[in-house]
Amino acid sequence: MPDIYAAELRTAFGKASAKLRRDGVVPANIFGRGLDSLAVQLPTTEARTILRDHGVNTLVNLQVTGEAQPRPVVVRSLQRHPVSKVLQHVDFYQVDLERTMQAHLPVTVIGTAPAVATYKGLLLHGSDNVLVEALPAVMPTHLEVSVDSITQLDGQVTVADLRLPAGVVVLTPMDTMLARVTAVRGSGDAVEVAEGEQAAATP
Numbered sequence: 071m072p073d074i075y076a077a078e079l080r081t082a083f084g085k086a087s088a089k090l091r092r093d094g095v096v097p098a099n100i101f102g103r104g105l106d107s108l109a110v111q112l113p114t115t116e117a118r119t120i121l122r123d124h125g126v127n128t129l130v131n132l133q134v135t136g137e138a139q140p141r142p143v144v145v146r147s148l149q150r151h152p153v154s155k156v157l158q159h160v161d162f163y164q165v166d167l168e169r170t171m172q173a174h175l176p177v178t179v180i181g182t183a184p185a186v187a188t189y190k191g192l193l194l195h196g197s198d199n200v201l202v203e204a205l206p207a208v209m210p211t212h213l214e215v216s217v218d219s220i221t222q223l224d225g226q227v228t229v230a231d232l233r234l235p236a237g238v239v240v241l242t243p244m245d246t247m248l249a250r251v252t253a254v255r256g257s258g259d260a261v262e263v264a265e266g267e268q269a270a271a272t273p
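For the sequence shown, this note's numbering begins at 71 and goes up steadily by one.
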């Protein structure tokens, strides 16, 4: 069962929202297909916990004071202060548990590509997210792809190599490159990196 977090109905709007934030409360809204938007608020610490432990697109339950049942929601968007980066507002999307949803999930590259050590190659990262579809209850926070299979220069892993949980369907083309190993032409030469790629950070 998804974690449950508490929220209260909100009556402060506009400039009055600034006082909420000073008091350690984050303004928020809940909206969804066929639903009227509902203004709510929750403790800043609670909102930070949701973002830290679940991120966006992962199902949580929001128990609004006075309502009999918690609402199944995902974080759809959030606003931070442009300078301090303090959380300013959160939008929750109430989902239909029987209806699939789409989300862009980050891709984490794991493992060690043998071609890096064998040929002194350079590991490059390609697309860092993919579009997937799944029921809200099984939507993951991220996906992983292993580079353990890259044993030769110019070898690569693509969306087809992703580790997919049961019930998750990828909509991004299967041949989209996620990581590849390229040759380093020489200590004085720059490595050619195609648009959309980036060199992996050196440990």
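Yeah, the Cβ is synthetic: ideal placement off N, Cα and C, and Gly gets one too.
Bear in mind the structure is a predicted one, so any value in this text is a computation, not a measurement.
Open item on the list: Quick check: the Cα distance between S216 and N199, rounded to an integer number of angstroms?
Closed with: Position 146 of the sequence shown, counting from 1, holds the residue named residue 216. Position 129 of the sequence shown, counting from 1, holds the residue named residue 199. For S216 and N199, the distance between alpha carbons rounds to 15 Å.
TODO: Would you mind sorting I120 into buried or exposed? The rule is 16 or more other CB atoms within 10 Å of its CB.
DONE: Numbered from its first residue, the sequence shown carries residue 120 at position 50. When all chains shown are included, I120 counts as buried.
Open item on the list: Please return the same chain residues whose Cβ sits closer than 6 Å to the Cβ of H212, not counting the five positions on each side in sequence.
Closed with: For the purposes of this step, residue 212 is identified with residue 142 of the sequence shown, where counting begins at 1. The answer, listed in chain order, is L175, P176, T178.
Task: Neighbourhood of T170 by C-beta, 7 Å cutoff - its chain only, sequence neighbours within 5 removed - done: Against the sequence shown, residue 170 aligns to sequence position 100. E203, A204, L205, listed in sequence order.
TODO: Take the Cβ of T188 as the centre, count every other Cβ of all protein chains shown within 10 Å, and call the residue buried at 16 or more, exposed below.
DONE: Position 118 of the sequence shown, counting from 1, holds the residue named residue 188. That one is exposed.
Task: Length of the line joining the Cα atoms of V276 and R255 - done: Residue 276 is absent from the model: the chain starts at 71 and stops at 273.
TODO: Provide the residue span of the beta strand (DSSP E) that contains P176, from first to last.
DONE: Position 106 of the sequence shown, counted from the start, is the residue given in the question as residue 176. Run containing P176: 171 to 180, per the beta strand (DSSP E) assignment.
- [ ] Report all residues from its chain with a CB closer than 6 Å to the CB of G125; omit the five preceding and five following residues, and keep chain order.
- [x] Numbered from its first residue, the sequence shown carries residue 125 at position 55. Excluding sequence neighbours, G125 sits near T211.
Open item on the list: Quick check on the DSSP output: the beta strand (DSSP E) that includes R233 runs from which residue to which?
Closed with: Here residue 233 refers to the residue found at position 163 of the sequence shown. R233 -> no beta strand (DSSP E), and no H or E assigned at all.
Open item on the list: Please tell me whether L201 and T242 are closer than 8 Å, where the distance is taken between their beta carbons.
Closed with: Numbered from its first residue, the sequence shown carries residue 201 at position 131. Numbered from its first residue, the sequence shown carries residue 242 at position 172. In contact: L201 and T242 (Cβ atoms closer than 8 Å).
Open item on the list: Between M247, L232, A109, L108, which has its C-alpha nearest H195's C-alpha?
Closed with: Position 125 of the sequence shown holds residue 195. Nearest of M247, L232, A109, L108 to H195, Cα basis: M247.
- [ ] Buried or exposed for F83, please, with buried defined as at least 16 other CB atoms from any protein chain shown within 10 angstroms of its CB.
- [x] One-based indexing of the sequence shown puts residue 83 at position 13. The residue in question, F83, is exposed, as its Cβ has fewer than 16 Cβ neighbours within 10 Å.
Open item on the list: Between the alpha carbons of L79 and L132, how many angstroms are there, rounded?
Closed with: If you number the sequence shown from 1, residue 79 lands on position 9. If you number the sequence shown from 1, residue 132 lands on position 62. Going by the C-alpha atoms only, they are around 12 Å apart.
Open item on the list: In the DSSP output, which residue or residues are listed as bridge partners for V74?
Closed with: Indexing the sequence shown from 1 puts residue 74 at position 4. It is Ile, not Val, that sits at residue 74 in the sequence shown. According to DSSP, I74 bridges with N131.
Task: Bridge-paired residues (DSSP) for Y163 - done: In the sequence shown, residue 163 corresponds to position 93, counting from 1. F101, V144, per the DSSP bridge assignment.
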